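Only one structure is covered here, and it is reproduced in the block below.
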Amino acid sequence: MKNYAVVQHSYAEFLGLIESHLERRDIGFSYFRPFVGQGLPGSAAQFDGLWLLGGAWPTADAARNPQVPDELRLIDIFRKARRPVVGLGMGGLLVAQAAGGEATLSPDCTAGFVTARKTPAGEGDPLAEAVDGQQVLVMYHGNVVLPEGLEPILVDESGHWLAVRPDPLTYGLLFRPELKPGMLEDIIMEPGHNPPPDITALLVQARDLWPRMQDMTARVVAALVTALGLMQERRKMPVFNLKLEPK
């Protein structure tokens with residue numbers, strides 16, 4: 025069975041709506057939670073790919089996200105192993121940072137529905153084509169200034185990047201196809217989280233747009249499956265029998 029490593033940064037923010045889409049495709053996942061002291065995988069050998077999820081603080085906040093250097097190394101490990109990597113929200117910032125971007129503490133939080141626009145760099149990209157012209161929900165803290173040479177494949181109405189693809193097997197998304205209204209409720213209730221100031225209004229809007237959000241998630245997952253070959257099972261490291269046979 026295909027198995028993906030998933031790095032989670034808060035209890036409320038998990039694969040959410042994406043979980044059922046992956047399960048229907050016989051894709052399993054193993055969660056790693058550094059925010060409770062759990063270590064991250066040391067290699068990509070036992071996984072078919074990597075997902076990095078949303079979080080409550082900027083990646084530049086070393087006090088609240090001391091594990092960021094380890095996550096950046098993990099992204100590098102999976103990229104070098106030619107395993108798919110997908111970052112959502114905070115995870116998207118980490119992907120951009122791992123590609124050479126500069127992390128910033130501001131703005132404190134960006135959240136709301138925006139219209140995604142495909143860029144020239146996104147022409148022909150399955151994800152950019154699927155999302156172009158659609159409303160998407162963004163929610164992330166801080167920012168990452170993209171490095172020279174890394175062009176976004178999707179931007180919002182203001183021209184700020186929404187998605188990058190640093191290499192053929194890696195995507196970083198600032199929009200959140202995994203979120204559902206119940207997860208926004210959990211974010212409000214989670215102790216120590218840092219929800220957007222207008223999250224109550226955002227929750228009301230998400231409930232109103234829920235059927236459209238579900239359709240968008242289906243579009244995004246189908247595009248990622250196509251672009252990254254998510255249904256392809258990568259070769260795993262074999263388990264060796266270390267028992268020595270007598271000569």
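Take 25 as the starting number for the sequence shown in our numbering and just add one per residue.
Glycine included, each C-beta is placed from N, C-alpha and C at the ideal position.
Nothing here was measured: the structure is a model prediction, and the numbers come from that model.
Check: Residue 83 classed as buried or exposed, judged by whether at least 16 other C-beta atoms fall within 10 angstroms; Outcome: buried
Check: Residue 160 - partner residues in DSSP beta bridges; Outcome: 138
Check: Limits of the unbroken beta strand (DSSP E) element including residue 189; Outcome: 185 to 191
Check: Proximity of residue 142 and residue 153 at Cβ, strictly below 8 Å; Outcome: yes
Check: Cβ neighbours of residue 116 in the same chain (closer than 6 Å, five flanking residues each side left out); Outcome: 196, 197 and 198
Check: Inter-stretch contact at 8 Å, needing at least 3 Cβ pairs: the region 49 to 59 / the region 232 to 241; Outcome: no
Check: Segments assigned alpha helix (DSSP H), at least 4 residues, entirely inside the region 57 to 134; Outcome: 92 to 104 and 114 to 122
Check: Option nearest residue 76 by Cα separation, candidates 66, 92, 87 and 85; Outcome: 92
Check: Nonlocal neighbours in the same chain, by C-beta distance under 7 Å from residue 179, ignoring five residues either side; Outcome: 141, 143, 185 and 186
Check: Residue 196, DSSP secondary structure in three states; Outcome: strand
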